[in-house]
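A.B. asks: Protein sequences appear in the order of chains A and B.
First residue of the first sequence? That's 6 in this note's numbering, and the numbers climb one at a time after it.
First residue of the second sequence? That's 6 in this note's numbering, and the numbers climb one at a time after it.
Glycine residues also receive a C-beta, built at the ideal position from the N, C-alpha and C atoms.
There are 2 protein chains.
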Amino acid sequence: MNIYINPLKTEWEKLLQRPLFSTEEIENKVFPILNEVKTNGDKALIHFAEQFDGVKISHLKVSEQEFIEAENLVSTELKKALEIAKQNIYSFHKNQLLKEEIIETTLGVKCWRKSIGIQKVGLYIPGGTAPLFSTVLMLAIPAKIAGCNEISLCTPPNKEGKIHPAILYAAKIAGITNIYKVGGAQAIGALSFGTETINKVFKIFGPGNQYVTAAKNIVNRFGTAIDMPAGPSEVLVIADESSNPVFVAADLLSQAEHGKDSQVVLLTTNESVAKNVKIEVEKQVKLLPRVDFANTSLSNSKIIVLENIEEIIQVSDLYAPEHLIIATENAREIADKITNSGSVFIGHYTPESAGDYASGTNHTLPTNGFSSAYSGVSVDSFVKKVTFQEISKEGLLNLGPTIEILAENEQLEAHKNAVSVRLRELNNK
Amino acid sequence: MNIYINPLKTEWEKLLQRPLFSTEEIENKVFPILNEVKTNGDKALIHFAEQFDGVKISHLKVSEQEFIEAENLVSTELKKALEIAKQNIYSFHKNQLLKEEIIETTLGVKCWRKSIGIQKVGLYIPGGTAPLFSTVLMLAIPAKIAGCNEISLCTPPNKEGKIHPAILYAAKIAGITNIYKVGGAQAIGALSFGTETINKVFKIFGPGNQYVTAAKNIVNRFGTAIDMPAGPSEVLVIADESSNPVFVAADLLSQAEHGKDSQVVLLTTNESVAKNVKIEVEKQVKLLPRVDFANTSLSNSKIIVLENIEEIIQVSDLYAPEHLIIATENAREIADKITNSGSVFIGHYTPESAGDYASGTNHTLPTNGFSSAYSGVSVDSFVKKVTFQEISKEGLLNLGPTIEILAENEQLEAHKNAVSVRLRELNNK
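1) To test your reading of the DSSP string, which unbroken beta strand (DSSP E) runs of 3 or more residues are found completely within the stretch 305-350 of chain A?
2) For chain A, find out if any of its Cβ atoms is closer than 8 Å to the Cβ of H420 of chain B; answer yes or no.
3) Just by C-beta distance, which residues in the stretch 176-196 of chain A are closer than 7 Å to chain B?
4) Examine chain B for any beta-carbon lying closer than 8 Å to the beta-carbon of F361 of chain A, and answer yes or no.
5) Is the distance from the Cβ of L103 of chain B to the Cβ of S120 of chain B below 8 Å?
6) Output the boundary residues of the beta strand (DSSP E) element that contains S139 of chain A.
7) Measuring only the C-alpha atoms, how far is M233 of chain A from I38 of chain A?
8) Name the chain B residues whose beta carbon is nearer than 9 Å to that of F198 of chain A?
9) Nearest to T200 of chain A by CA position, among A:A254, A:D322 and A:T44, is which residue?
10) Please list the segments of the alpha helix (DSSP H) lying wholly inside the stretch 384-434 of chain A, counting only runs of 4 or more residues, in order along the chain.
11) Taking 8 Å as the threshold (C-beta atoms), are L404 of chain B and S139 of chain A in contact?
12) Taking the beta carbon of G24 of chain B as the centre, do at least 16 other beta carbons fall within 10 Å, making it buried, or is it exposed?
13) Measuring only the C-alpha atoms, how far is E415 of chain A from P212 of chain A?
14) Quick check: the Cα distance between I150 of chain B and T229 of chain B, rounded to an integer number of angstroms?
15) Give a yes or no on whether the C-beta atoms belonging to Q196 of chain A and C153 of chain A are separated by under 8 Å.
16) Quick one, which of A:G352, A:E71, A:K61 and A:A90 has its alpha-carbon nearest S247 of chain A's?
17) Expressed to the nearest angstrom, what Euclidean distance is found between the alpha-carbon atoms of F57 of chain A and A192 of chain A?
18) Quick one: using the 10 Å Cβ neighbour count with 16 as the cut-off for buried, is N422 of chain A buried or exposed?
19) Mind reading off the beta-carbon distance from I62 of chain B to K186 of chain B? Whole number of angstroms is fine, and I expect it under 8 Å.
20) Run through the DSSP bridge pairs and tell me what F445 of chain A is partnered with.
21) Just checking: is the beta-carbon of D297 of chain A within a distance shorter than 8 Å of some beta-carbon in chain B?
22) Tell me, please, whether the CB atom of E338 of chain B is closer than 8 Å to any CB atom in chain A?
23) Within the continuous alpha helix (DSSP H) that includes K183 of chain B, where are the two ends?
24) For G180 of chain B, count the other beta carbons within 10 Å of its own beta carbon; 16 or more makes it buried, fewer makes it exposed. Which is it?
25) Taking all protein chains shown into account, do 16 or more other C-beta atoms lie within 10 angstroms of the C-beta of D361 of chain B, making it buried, or fewer, making it exposed?
26) How about A90 of chain A: is its C-beta nearer than 8 Å to some C-beta of chain B?
27) Answer yes or no: does any C-beta atom of chain A fall closer than 8 Å to that of N11 of chain B?
28) Can you check the stretch 223-308 of chain A for any beta strand (DSSP E) of at least 3 residues that lies completely inside it and give the ranges in chain order?
29) Per DSSP, K115 of chain A is paired with what?
30) If you drop the 5 nearest sequence neighbours on each side, which residues of the same chain put their C-beta closer than 8 Å to that of R118 of chain A?
31) Could you tell me which of A:V242, A:K99 and A:V251 sits nearest to A340 of chain A, measuring between CA atoms?
32) If I measure Cβ to Cβ from Q101 of chain B and keep anything under 7 Å in the same chain, skipping five residues before and after, which residues do I get?
33) Return the bridge partner residues of T28 of chain A from the DSSP annotation.
34) Taking the CB atoms as reference points, tell me whether G400 of chain B and L112 of chain B lie closer together than 8 Å.
35) Does N414 of chain A have its Cβ less than 8 Å from a Cβ in chain B?
36) Could you tell me if D297 of chain A is buried or exposed, where buried requires 16 or more neighbouring beta carbons within 10 angstroms of its beta carbon?
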């Protein structure tokens with residue numbers, strides 16, 4: 006990690022620039038996969054499982070028997086931990102489903118919004134070495150709270166044609182039973198177009214590699230909603246004299262281990278804090294199993310020393326981090342001034358991994374600076390808020406003439422007429 | 006309008022299909038415009054104003070003097086109507102800015118969400134014959150409620166280099182003063198990249214022609230958020246024996262006059278209702294100034310007679326209309342069963358134009374079937390909901406071991422370690 010001391014304000018934007026990725030090449034590889042799924046359905050999925058996952062699949066859908074087997078394979082300790090995580094995620098998300106009151110904007114004109122679960126949603130859970138069962142909970146729990154009728158989950162099978170038992174168990178306790186052994190871009194295609202076995206959905210959620218991301222972006226252009234645009238995971242930590250360098254280094258590394266493209270930034274006003282954290286990072290990284298990932302992402306990462314806390318808040322908002330850890334004395338006060346972040350971790354005993362797993366907040370968050378305009382996943386992401394209005398005769402007598410004037414001035418005569426025909430009838434009575 | 010009587014269930018999807026538009030050709034025209042704006046900034050905007058709007062502009066930003074002139078040109082009647090619309094839109098939207106409570110998910114683990122206005126947003130208002138001042142209110146009012154710091158509005162100038170006074174007046178009463186005389190794809194480019202005069206924004210809102218839509222889709226792919234994907238406007242009306250054919254016909258026509266690609270659908274269980282509405286539509290359309298638009302869109306529109314109200318609800322949800330008018334006896338009851346719609350108008354005295362202008366609900370709504378997954382514009386569209394968490398020492402002692410188990414099972418050792426270093430310190434005290 007390089008240390009930058011008091012960089013010029015005019016240099017901030019450049020210093021905070023994230024590496025650019027060209028998506029065109031990957032999209033060109035993904036298009037034919039999507040087309041194949043659209044044309045050949047299940048057959049294409051089985052073909053791609055053989056090609057990409059190295060396994061011959063006969064049944065795409067996970068069977069009841071497989072759920073039972075999985076349950077037997079998950080340790081009691083992990084089951085208990087998953088149960089606690091589930092409870093906390095549920096507690097935090099359940100209040101997000103709002104019942105809003107009816108507003109009578111004019112006498113006789115009643116308006117309201119209703120949150121309605123998106124009927125059909127698809128969840129994607131990546132495969133690979135580490136089974137991301139935490140993401141199963143983070144997506145399935147709000148989907149259930151939102152009242153989505155049909156929740157389909159796709160995740161790639163391993164070489165034995167199986168799904169990791171912890172993923173199946175997490176899905177089960179979250180109430181998800183439609184699980185399909187399909188990974189990669191082909192899974193996104195299946196969820197977007199539908200196949201014989203997998204129903205078409207209206208919105209797709211979940212992380213994935215660059216092929217999955219490209220596929221999500223493509224199907225989004227053709228009408229399937231997606232949770233949010235994706236990019237590499239990242240954390241920004243604000244530290245001061247009160248910070249424990251051991252904690253701060255561990256937090257930076259917990260992000261750096263995600264992948265080679267992960268982003269890690271430390272902001273502080275104190276040069277010796279910067280140096281101590283750097284030393285501690287270099288010490289701790291050696292002990293990690295994923296030291297290669299961590300070292301690569303650390304080489305792109307930055308420690309920036311700034312003049313004062315105001316500058317720190319400005320730089321943090323400019324970067325708009327996915328995760329923001331405020332490991333300072335008056336952390337709550339600083340948190341209140343933050344504008345752009347996906348999720349904020351306040352104080353010395355709030356590591357990012359708490360939110361990644363079990364504090365209750367969602368870990369599917371906007372990366373790549375998107376937290377300036379996007380929110381993380383919540384129950385909101387799984388509902389549409391439909392507006393309703395009901396106008397009584399009296400209401401239309403009150404509001405009608407206003408609508409007529411506005412429509413006339415926008416030169417939309419038929420809009421005006423829809424009111425006029427009614428007012429004429431009401432006034433003739 | 007063709008009448009379809011009891012079509013087979015297997016035919017519904019085909020019958021409801023919207024016309025497909027190829028966007029590629031338009032995107033190819035829009036790309037060079039966006040590049041030109043990115044490279045040459047204001048100079049490009051002035052050049053395109055001459056090329057597309059036929060006017061030489063010296064100052065892109067609307068001056069204080071122009072606001073004053075506009076105010077003098079708007080009639081007292083229109084001012085009063087705009088004021089009423091503003092009040093109703095404000096009343097309905099102000100409750101959407103929520104203050105959510107802090108949830109203590111585990112003893113010592115506090116989590117909450119905060120709605121924070123997107124700092125910089127851009128609003129696009131189309132030009133053309135009809136000045137869409139209503140859209141100014143529909144976008145500016147929730148943006149102000151959300152607390153967006155910087156709101157920029159772009160709209161094309163007329164041949165005299167002026168903006169329609171009603172647009173300027175509506176902007177003024179909504180509290181918007183940064184208005185720029187820029188239209189089309191170039192306006193979207195300016196808002197997305199920034200120029201010398203116009204600041205870059207994080208999210209762009211508002212309707213537009215196919216060039217504007219294509220430009221929004223392109224900049225969205227490169228990182229600027231947009232309100233929602235766009236398509237032609239549409240209404241679906243549910244009518245029964247209690248409906249007044251004159252009202253229903255007027256409602257259908259108020260949608261049909263929007264443009265040649267507008268979509269209009271009528272569902273009923275009663276064949277004579279279908280016929281009476283058709284006769285009435287043919288009678289009323291002749292009297293409209295926009296008869297050409299209306300006739301073209303009517304030629305693509307459908308009256309469908311179905312077996313019963315359950316089928317009607319199924320077909321309506323399958324179509325997922327932008328606007329849904331329920332002009333029936335027990336309209337509220339039917340409304341409660343609807344899943345997919347942008348905005349619902351209940352009963353015989355609730356025409357769509359009420360919501361278009363002044364009932365208080367927003368008129369920027371998901372078209373093209375997107376109401377199955379997207380909501381209309383609301384205060385939500387102008388905020389990010391950032392999550393916060395604060396864990397006390399006690400909280401981490403309670404929750405830490407759970408996080409360690411979960412991280413370990415996902416093979417993310419550094420995630421576990423961020424908790425372990427803290428627990429070690431706490432347990433050693």
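C.D. replies: In this structure, then:
1) 307-310 and 328-332
2) yes
3) none
4) One detail in the question is off: residue 361 of chain A reads as Asp in this sequence, not Phe. Yes, its Cβ sits closer than 8 Å to a Cβ of chain B.
5) yes
6) Under the DSSP assignment, S139 of chain A falls outside any beta strand (DSSP E), being part of the alpha helix (DSSP H) whose first and last residues are F138 to A151.
7) 22 Å
8) Those within 9 Å of F198 of chain A in chain B number zero; the least Cβ separation is about 14 Å.
9) A:T44
10) 398-414 and 418-432
11) Between S139 of chain A and L404 of chain B, the gap from beta carbon to beta carbon reaches 8 Å or more.
12) Note on residue identity: the sequence assigns Pro, not Gly, to residue 24 of chain B. Result: exposed.
13) 45 Å
14) 21 Å
15) With the sequence shown as reference, residue 196 of chain A is identified as Leu, and Gln is not the correct amino acid for it. No; because the gap between Cβ atoms is not below 8 Å, this pair is not in contact.
16) Taking the Cα of S247 of chain A as reference, the smallest distance to any Cα among A:G352, A:E71, A:K61 and A:A90 is reached at A:G352.
17) 12 Å
18) buried
19) 6 Å
20) Look at the range of chain A in this structure, 6 to 434, and you will see that residue 445 of chain A is not part of it.
21) no
22) Output row for E338 of chain B: interface = no.
23) The residue asked about is misnamed: residue 183 of chain B is Asn in this sequence, not Lys. In the DSSP assignment, N183 of chain B falls outside any alpha helix (DSSP H) and within the unbroken beta strand (DSSP E) covering N183 to K186.
24) Exposed, because fewer than 16 other Cβ atoms sit within 10 Å of the Cβ of G180 of chain B.
25) D361 of chain B comes out buried.
26) yes
27) no
28) 239-244 and 268-273
29) A:E109 and A:E395
30) Shown here for R118 of chain A: same chain residues with a beta carbon closer than 8 Å to its own, the five before and five after excluded, namely E105, K390, V391, T392 and F393 in chain order.
31) Residue A:V242 is the option with its Cα nearest to A340 of chain A.
32) S383, V384 and D385
33) According to DSSP, T28 of chain A bridges with nothing at all.
34) yes
35) yes
36) exposed
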